[in-house]
Every structure is written in structure tokens, then in C-alpha cells.
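**Q** When the letters of the sequence shown are read in order and numbered with this note's numbering, they come out as residues 1172 to 1363. Every residue gets a Cβ at the ideal spot worked out from N, C-alpha and C, and that includes glycine.
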Amino acid sequence: MRMPTRSWSEAFFQALQYSEPTEALARYWHDLPRRGENIVPHRSDFKLHEIAGHLDETYMSKFCGPEELIILASGSVLVRLLGADITGKNIFKLVPQENYQQQVDYYQKLKAQPCAGALTRWGASLKGRPFVYRTMQLPLLGDTNEVEFFVGTGVIRTSHQLGDQLSVDEKVHVEQHEQVFINIGAGVPDTP
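Quick look at the structure:
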């Protein structure tokens, strides 16, 4: 299946539909300075206090190894929705085993050919509560001028009031529905 790709501007405006914090983060990231020929801003230029009013839906992660993407910060809305603080945890260890390689491959592609991304996941709790969970990933360079960080937002969309209910369910079944690679100037990865 070929994954859809979108230009930055089209994806940016699509992101505006996610939430106000996603819009604020995307605008802030887009306006950060780029050093030299880099199309991705540096982590050191990204200041969390600049989006302080929207940190509750924001997360930041860092690659610490090929299959280790550690959550450095997780907003309070994400903690409430997920039912636990995931700060310090490896993103890849949080997904169901059957989705593990798909997640590793997705983030490795975002890292190897710098681009932004959007994931849509759907699922149901053990109590049968349906939900759609959307995340946006925006790359940031580390000291070596390589993509080392991602900053983004996570938003649950559902026809039911789910936020508080998710945190009391013991287990949530999640399947990845869509991966979108967003061209920010370096193209997008080839996908099968």
C-alpha cells in the first residue's frame, strides 16, 4: 500500500484541524530559524516556554539508539488520556508487538530523510470504547546536524467522551490506520 504524501503547506493546514495546540506548535516550528543549508531547525532553537499555553498536548522525544526513541516530555492532556506519564519511556515499547516494526520503520524514515509526519491510530478499550488518536511529528536537529528529536502533539478524536474513560481502562487495543510523510523541503521517503 502506498502511503500518502503531502506538501508542507497542505499538511500544515490539515494539521490545523487537529487542535489549537497543534496549530500553535506547527506555526512555531515552521517559523524557527534554519542554520546554513539545513531545512530542519535545531533543538537548541526550540524553546518550550514559547508555546507554554499549549504544552498540555505537546510531547518531545529523542533518538537514543536505532530502536530507542525516548519521551523527554509529555503534556498533561496526554498523561490524562493515556492514563500514565510516559516521560522517560521508549515509544517503541509502548505499541503493541504487532505494530513494533512498523513504528520503528516509520520514525527511521522521518529521521533518514528529514520530513514531518502524521499518524492516525484507531482502536477500542477493553470496555469497547472506540477512539481515533492522531499525532503530528516535527523533526529537530541535534548537535551533529542530524535529526535527533521530534516534537509533536497527540489528540484523541472520538464520537464519545473518552478522555477520562481511557485512563481507567486496563488495556487499550490500538491499530495504526494511516502514516503520512510531509515534505518540508527534502522530499519524502519512498514507501512500498
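Determine the direct distance from the alpha carbon of residue 1321 to that of residue 1289, and round the result to whole angstroms.
**A** Along the sequence shown, one-based indexing puts residue 1289 at 118. Along the sequence shown, one-based indexing puts residue 1321 at 150. Cα to Cα, the separation comes out at about 12 Å.
**Q** Which residue comes first and which comes last in the beta strand (DSSP E) that contains residue 1233?
**A** For this step, residue 1233 is matched to residue 62 along the sequence shown. Looking at the DSSP string, the run of the beta strand (DSSP E) that includes residue 1233 is 1229-1236.
**Q** In whole angstroms, what separates the C-alpha of residue 1291 from that of residue 1305?
**A** Within the sequence shown, the letter at position 120 stands for residue 1291. Within the sequence shown, the letter at position 134 stands for residue 1305. Residue 1291 and residue 1305: Cα-Cα distance of roughly 4 Å.
**Q** The alpha helix (DSSP H) that contains residue 1197, what's its start and end?
**A** Stepping through the sequence shown from its first residue, residue 1197 is reached at position 26. Counting along the chain, the alpha helix (DSSP H) containing residue 1197 begins and ends at 1191-1202.
**Q** Measure the beta-carbon distance from residue 1228 to residue 1190 and round it to whole angstroms, keeping in mind my assumption that it falls under 8 Å.
**A** Within the sequence shown, residue 1228 is the residue found at index 57, counting from 1. Within the sequence shown, residue 1190 is the residue found at index 19, counting from 1. Yes, residue 1228 and residue 1190 are in contact; Cβ-Cβ is about 6 Å, under 8 Å.
**Q** Using the Cβ count rule (16 or more neighbours within 10 Å means buried), how would you classify residue 1218?
**A** As a working note, residue 1218 is residue 47 in the sequence shown. Exposed: under 16 other Cβ atoms inside 10 Å.
**Q** Pop quiz: residue 1284 and residue 1212 are said to be a contact at Cβ under 8 Å. What is the actual Cβ separation, rounded to whole angstroms?
**A** Translated into the one-based positions of the sequence shown, residue 1284 becomes position 113. Translated into the one-based positions of the sequence shown, residue 1212 becomes position 41. About 17 Å separates the two Cβ atoms, so there is no contact after all.
**Q** Assess contact between the stretch 1234-1248 and the stretch 1194-1210, defined as three or more Cβ pairs (one per stretch) separated by less than 8 Å. Is contact present?
**A** Segments in contact, no.
**Q** Who are the near neighbours of residue 1147 in its chain, counting only those whose CB is closer than 6 Å to its CB and skipping five residues on each side?
**A** The requested residue 1147 is not part of the displayed model; the chain covers only 1172 to 1363.
**Q** Can you tell me whether residue 1269 is buried or exposed? The criterion is at least 16 other CB atoms within 10 Å of its CB, across all chains shown.
**A** One-based indexing of the sequence shown puts residue 1269 at position 98. Result: exposed.
**Q** Terminal residues of the continuous alpha helix (DSSP H) containing residue 1222?
**A** The residue given as residue 1222 occupies position 51 in the sequence shown. Per DSSP, residue 1222 belongs to no alpha helix (DSSP H) and is neither H nor E.
**Q** Buried or exposed: where does residue 1349 fall if 16 or more other Cβ atoms within 10 Å of its Cβ makes it buried?
**A** Residue mapping note: residue 1349 aligns to position 178 of the sequence shown, counting from 1. Exposed, by the Cβ-count rule.
**Q** Helix, strand or coil for residue 1352, going by three-state DSSP, please let me know.
**A** Counted from its first residue, the sequence shown places residue 1352 at position 181. Looking at residue 1352 - three-state DSSP - the assignment turns out to be strand.
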